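2 protein chains.
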Amino acid sequence: MRIVSLAGGIGGARFLRGLRAAAPDADITVIGNTGDDITLFGLRVCPDLDTVMYTLGGGINEEQGWGRDKESHAVKEELAAYGVEPQWFGLGDRDFATHIVRTQMLDAGYPLSAVTEALCARWEPGVRLIPMSDDRTETHVVITDERGRRAVHFQEWWVRLRASLPAEQIILVGADEARPAPGVLQAIADADAVILPPSNPVVSIGTILQIKGIREALEGKTVVGVSPIVGGAPVRGMADACLTAIGVDTTAQAVLELYGSPLINGWLVAEEDAGVALDGVRVQARPLIMHDVESAAAIARAALDLAAEIARTPAGTPAAPAPEDAR
Amino acid sequence: MRIVSLAGGIGGARFLRGLRAAAPDADITVIGNTGDDITLFGLRVCPDLDTVMYTLGGGINEEQGWGRDKESHAVKEELAAYGVEPQWFGLGDRDFATHIVRTQMLDAGYPLSAVTEALCARWEPGVRLIPMSDDRTETHVVITDERGRRAVHFQEWWVRLRASLPAEQIILVGADEARPAPGVLQAIADADAVILPPSNPVVSIGTILQIKGIREALEGKTVVGVSPIVGGAPVRGMADACLTAIGVDTTAQAVLELYGSPLINGWLVAEEDAGVALDGVRVQARPLIMHDVESAAAIARAALDLAAEIARTPAGTPAAPAPEDAR
Chain A
1 MRIVSLAGGI GGARFLRGLR AAAPDADITV IGNTGDDITL FGLRVCPDLD TVMYTLGGGI
61 NEEQGWGRDK ESHAVKEELA AYGVEPQWFG LGDRDFATHI VRTQMLDAGY PLSAVTEALC
121 ARWEPGVRLI PMSDDRTETH VVITDERGRR AVHFQEWWVR LRASLPAEQI ILVGADEARP
181 APGVLQAIAD ADAVILPPSN PVVSIGTILQ IKGIREALEG KTVVGVSPIV GGAPVRGMAD
241 ACLTAIGVDT TAQAVLELYG SPLINGWLVA EEDAGVALDG VRVQARPLIM HDVESAAAIA
301 RAALDLAAEI ARTPAGTPAA PAPEDAR
Chain B
1 MRIVSLAGGI GGARFLRGLR AAAPDADITV IGNTGDDITL FGLRVCPDLD TVMYTLGGGI
61 NEEQGWGRDK ESHAVKEELA AYGVEPQWFG LGDRDFATHI VRTQMLDAGY PLSAVTEALC
121 ARWEPGVRLI PMSDDRTETH VVITDERGRR AVHFQEWWVR LRASLPAEQI ILVGADEARP
181 APGVLQAIAD ADAVILPPSN PVVSIGTILQ IKGIREALEG KTVVGVSPIV GGAPVRGMAD
241 ACLTAIGVDT TAQAVLELYG SPLINGWLVA EEDAGVALDG VRVQARPLIM HDVESAAAIA
301 RAALDLAAEI ARTPAGTPAA PAPEDAR
């Protein structure tokens with residue numbers, strides 16, 4: 001079985017660990033968000049790709065959800081002692097090595113997809129991880145602060161400001177020119193099912209969907225999404241701040257409508273959100289909180305089951321008649 | 001009083017700490033060797049500049065003589081886990097931060113002299129540290145190994161091979177085009193005394209002397225050297241391997257002749273090397289082993305005293321007659 005998943009950071013990575021456990025024999029391709037990428041101290045940092053790679057590769061800081069386990073911070077402390085900025089982004093020593101290797105390969109001319117593959121050769125994440133694009137894009141957020149109305153890098157809004165100022169606009173710089181990385185469209189074309197994890201629908205999944213051709217490729221497929229909103233609040237993170245920026249309510253219903261049909265065919269919501277509905281989409285209510293790998297696997301299994309059901313009886317097809325009615 | 005000193009790594013840095021203690025009110029300019037510089041993992045590493053900066057700035061690993069105190073090695077271990085080379089060069093986490101800041105500034109277009117000044121703003125070494133040149137030069141060593149006769153970077157010969165293969169030739173790549181960094185020639189012109197520490201006469205001091213204009217500028221000045229060879233062996237390091245490469249004996253006499261007159265006016269040798277002599281050079285025998293800052297300061301004081309004596313009665317001038325003979 002061939003599965004494609006789009007993924008952001010922590011929520012996506014934890015879901016993917018469940019997906020891998022739920023479908024151990026499947027061939028899983030993960031298309032990772034690179035809109036959050038940032039160059040710090042001359043080094044290219046890809047937070048979402050790394051979170052997926054470390055989480056699936058067994059090198060993640062479990063408690064934090066991002067960064068390396070058993071991490072130290074000597075480099076960051078020394079950079080601060082030199083007075084260089086920014087000091088608000090948390091880079092650990094072990095993590096620095098990843099960015100150093102990545103930057104050296106990028107500077108040598110390798111595309112990000114090849115670099116990611118090289119890094120994953122060490123981590124063996126058990127999935128094929130491809131960045132959404134080899135072309136550089138960056139999510140910028142328009143805010144108004146004491147310096148006036150201006151665009152800042154997504155990470156500055158998210159990490160430094162903790163989304164405390166309203167996002168007036170969220171822009172993926174470079175989206176118009178960016179092409180899907182090699183393998184992305186083919187993986188989608190070959191997929192038996194596409195799963196959208198409970199990642200941020202605006203700055204993670206929404207960003208990937210802005211890359212030319214990806215949304216169109218998905219529209220012909222069986223696509224099941226897992227709601228990142230449970231009972232009117234994000235399962236984790238600050239997705240509400242991103243949804244507000246684009247005028248979307250923080251509800252499982254509103255996010256479903258944001259993705260919309262024909263992109264999405266199936267939608268998993270939490271039990272308290274039963275009642276969510278959209279034409280052409282099969283909605284199922286399931287426990288959606290990921291406490292551990294087992295609960296994440298249960299959600300993934302539900303998503304795969306729903307995808308299989310949709311594949312057997314596509315939308316528009318009348319549901320298979322019950323044996324009694326078959327006569 | 002204005003003093004200029006040329007310096008390599010450990011020996012030079014330890015001597016300079018003594019010089020600063022011996023002449024606390026002097027205006028000291030240090031011209032640092034950059035022939036040992038190397039780019040590792042995309043980062044520009046300047047081992048001699050950093051050894052001087054860390055030693056005088058109180059951040060050196062005292063026992064080792066190079067690198068940072070209280071150092072950890074997470075980045076290096078992770079780079080090795082990714083399988084990237086080289087793994088033979090010892091870069092610590094704290095040290096990495098220096099190279100990251102330097103590389104970022106160089107990439108932004110700042111010359112190495114400006115970068116060095118910026119790094120020293122943190123370390124406050126108490127001297128003005130200038131690289132010999134802002135132009136890139138690199139010392140390469142011709143060796144013959146299982147891959148045949150070839151040139152390797154100095155650090156590969158020195159650190160990886162520990163100078164175990166004979167250096168058939170030592171070449172400063174880029175020497176023909178390199179110009180002295182801003183301030184170098186002016187500092188020499190303004191100096192009351194120039195002191196050559198017991199640094200490596202071939203790949204440290206000898207390298208600096210290859211930069212166009214530096215030797216010529218020195219020849220008009222009072223220049224006192226401290227022999228790096230005591231009793232036929234280097235005080236520390238593997239200077240003998242470098243001297244052999246250029247056909248010079250490992251003796252205080254041979255190194256004096258290598259520097260030669262008119263470059264050098266005064267030469268401090270160890271007591272066991274009394275008898276060393278060269279026309280036009282005043283030679284004095286003194287204890288030359290640097291156990292600590294105090295012993296290094298005593299050597300520096302002897303060098304400054306010899307320089308003052310030479311300045312009062314330049315070579316060629318008959319020694320001032322004793323009072324009895326004055327009648």
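Going line by line, the protein sequences match chains A and B.
So in UniProt numbering, spot 18 of the first sequence is number 18, and the numbers just go up one at a time.
So in UniProt numbering, spot 184 of the second sequence is number 184, and the numbers just go up one at a time.
Note that CB positions come from ideal geometry on N, CA and C, so glycine has one too.
Computed from a predicted model, the values in this text were never measured in an experiment.
Check                                                                                                                              : Outcome
At least 3 beta-carbon pairs within less than 8 Å: the stretch 19-28 of chain B vs the stretch 207-215 of chain B                  : no
First through last residue of the alpha helix (DSSP H) which encompasses residue 81(A)                                             : 74-81
Within chain B, the residues that residue 41(A) reaches when beta carbons sit closer than 8 Å                                      : 100, 101 and 104
Cα-Cα separation between residue 337(B) and residue 191(B), rounded to whole angstroms                                             : Outside the modelled stretch of chain B, which goes from 1 to 327, sits residue 337(B), for which no answer is possible.
Nearest residue (CA-CA) to residue 95(A), options 77(B), 86(B) and 111(B)                                                          : 77(B)
Three-state secondary structure (DSSP) of residue 170(A)                                                                           : strand
Limits of the alpha helix (DSSP H) - the one that residue 68(B) falls within                                                       : Run containing residue 68(B): none; DSSP gives neither H nor E here.
Which of helix, strand or coil DSSP assigns to residue 102(B)                                                                      : helix
Those runs of the alpha helix (DSSP H) which lie wholly inside the stretch 209-264 of chain A and span at least 4 residues         : 214-219, 239-245 and 252-259
Cβ-based burial, residue 291(A) [other Cβ within 10 Å; buried from 16]                                                             : exposed
The stretch 57-72 of chain A / the stretch 42-51 of chain B touching (three or more Cβ pairs under 8 Å)                            : no
CB contact below 7 Å: residue 82(B) versus chain A                                                                                 : yes
Closer than 7 Å to chain B by CB, residue 303(A)                                                                                   : no
Inter-residue Cα distance where the pair is residue 183(B) and residue 28(B)                                                       : 13 Å
Nearest to residue 181(B) (by Cα), restricted to the options 107(B), 224(B), 229(B) and 129(B)                                     : 129(B)
Distance, residue 108(A) Cα to residue 297(B) Cα                                                                                   : 47 Å
Bridge partner(s) assigned by DSSP for residue 5(A)                                                                                : 30(A) and 195(A)
8 Å Cβ shell around residue 324(B) - same chain, five flanking residues per side excluded                                          : Annotation note: pLDDT 48 at residue 324(B) (below 50); position unreliable, no value reported.
Residues bridged to residue 56(A) (per DSSP)                                                                                       : Its beta-bridge partners do not exist; DSSP assigns none.
Spatial neighbours of residue 53(B) in its chain, beta-carbon cut-off 7 Å, leaving aside the 5 residues before and after           : 119, 120, 123, 125 and 129
Simplified DSSP state of residue 39(A), which is helix, strand or coil                                                             : strand
Near-chain A residues of the stretch 221-252 of chain B - C-beta to any C-beta below 9 Å                                           : none
Buried/exposed call for residue 176(A), threshold 16 Cβ in 10 Å                                                                    : exposed
Contacts that residue 107(B) makes with chain A (C-beta to C-beta distance below 7 Å)                                              : 42
Opening and closing residue of the beta strand (DSSP E) in which residue 127(B) lies                                               : From DSSP, residue 127(B) is part of no beta strand (DSSP E); its letter is neither H nor E.
Chain D residues whose Cβ lies nearer than 8 Å to that of residue 115(A)                                                           : Annotation note: the requested chain D is absent from the structure, which comprises protein chains A and B.
Cβ neighbour criterion (16 or more within 10 Å) applied to residue 282(A)                                                          : buried
Member of 276(A), 3(A) and 36(A) whose CA lies at the smallest distance from the CA of residue 25(A)                               : 3(A)
Simplified DSSP assignment, three categories, for residue 18(B)                                                                    : helix
Whole-angstrom distance between residue 142(B) and residue 7(A), CA atom to CA atom                                                : 51 Å
Close Cβ partners of residue 103(A) (< 6 Å) along its chain, the five nearest in sequence each way excluded                        : 43 and 44
CB of residue 38(B) within 7 Å of CB of residue 140(B), strictly                                                                   : no
Interface residues of chain B facing residue 78(A) [CB-CB closer than 9 Å]                                                         : 68, 93, 94, 95, 96, 97, 98, 100 and 101
Nearest-angstrom beta carbon gap, residue 114(A) and residue 401(A) [assumed within contact, 8 Å]                                  : The first residue shown for chain A is 1 and the last is 327, placing residue 401(A) beyond what the model contains.
Cut-off 8 Å between Cβ atoms - residues of its own chain near residue 196(B), not counting five sequence neighbours on either side : 5, 6, 205, 223, 224, 225, 226, 259 and 264
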